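Input: a single structure, listed below in structure tokens.
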Amino acid sequence: MQRLSEEAVLNIPASKAWSMYRDDKLISKINPDMLSGAEYIKGDGGPGSLRVFKLGPAVHSYVKESTQKIEKVVEGQSVTYEVIGGELKDMYNFYRVTFSFLPVPEKEDEQCIAEWKSEYEPLSATTSPPEKARDAAIGFLKSFEKFGLC
648 MQRLSEEAVL
658 NIPASKAWSM
668 YRDDKLISKI
678 NPDMLSGAEY
688 IKGDGGPGSL
698 RVFKLGPAVH
708 SYVKESTQKI
718 EKVVEGQSVT
728 YEVIGGELKD
738 MYNFYRVTFS
748 FLPVPEKEDE
758 QCIAEWKSEY
768 EPLSATTSPP
778 EKARDAAIGF
788 LKSFEKFGLC
């Protein structure tokens, strides 16, 4: 199993970032160029739920849609899902992501660390690590800050 991760400090509380990530309507408004829509197609966001992300034009050259099966939720902190549909399944045999939103110590009401972690198995030796997915995810998470201040 291969791994890739990245994090960014956001100038919003972890609780606000968490709420934004989990809300389909809100997450779709944060940066439509990167994520034009999200929908829970089965379940309520807990383990076993299915969620579809429709990516925006800024990332269409890489991925247009991703169907995710939620595996684990640590309420208010992190969500782990396996990609079960979309273009990433054409590149990776297995692709799991965890998004985490953790308060910055002593600045809990002001900042959080937004983290993206991936575990993956490429379908072939020529498949690149999901660096484009990482960069898009971190870029999108950084959008939370501007949106959250509105």
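First residue of the sequence shown? That's 648 in the numbering used here, and the numbers climb one at a time after it. We put the beta carbon where it would ideally sit given N, CA and C, even for glycine. These numbers were taken from a predicted model, which means no experiment stands behind them.
Query, Result
"Buried versus exposed, by CB contacts within 10 Å (16 or more), residue 735", "buried"
"Host beta strand (DSSP E) of residue 728 (start-end)", "725-733"
"C-alpha distance - residue 670 paired with residue 708, whole-angstrom precision", "26 angstroms"
"Outcome for residue 733 when other beta-carbon atoms lying within 10 angstroms are tallied against a minimum of 16", "buried"
"Length of the line joining the Cα atoms of residue 648 and residue 768", "6 angstroms"
"At least 3 beta-carbon pairs within less than 8 angstroms: the stretch 779-788 vs the stretch 751-766", "yes"
"Close beta carbons around residue 743, own chain, < 8 angstroms, minus the five adjacent residues each side", "718, 727, 728, 729, 730, 765, 766 and 767"
"Beta-bridge pairing of residue 763 - partner residues as DSSP gives them", "653 and 746"
"Buried or exposed (CB count within 10 angstroms, at least 16 for buried), residue 772", "exposed"
"Cβ separation of residue 706 and residue 686, assumed to be a contact under 8 angstroms, to the nearest whole Å", "Not quite, the Cβ-Cβ distance comes to about 18 angstroms (not below 8 angstroms), so this is no contact."
"First and last residue of the uninterrupted alpha helix (DSSP H) at residue 685", "From DSSP, residue 685 is part of no alpha helix (DSSP H) but of the beta strand (DSSP E) over 682-689."
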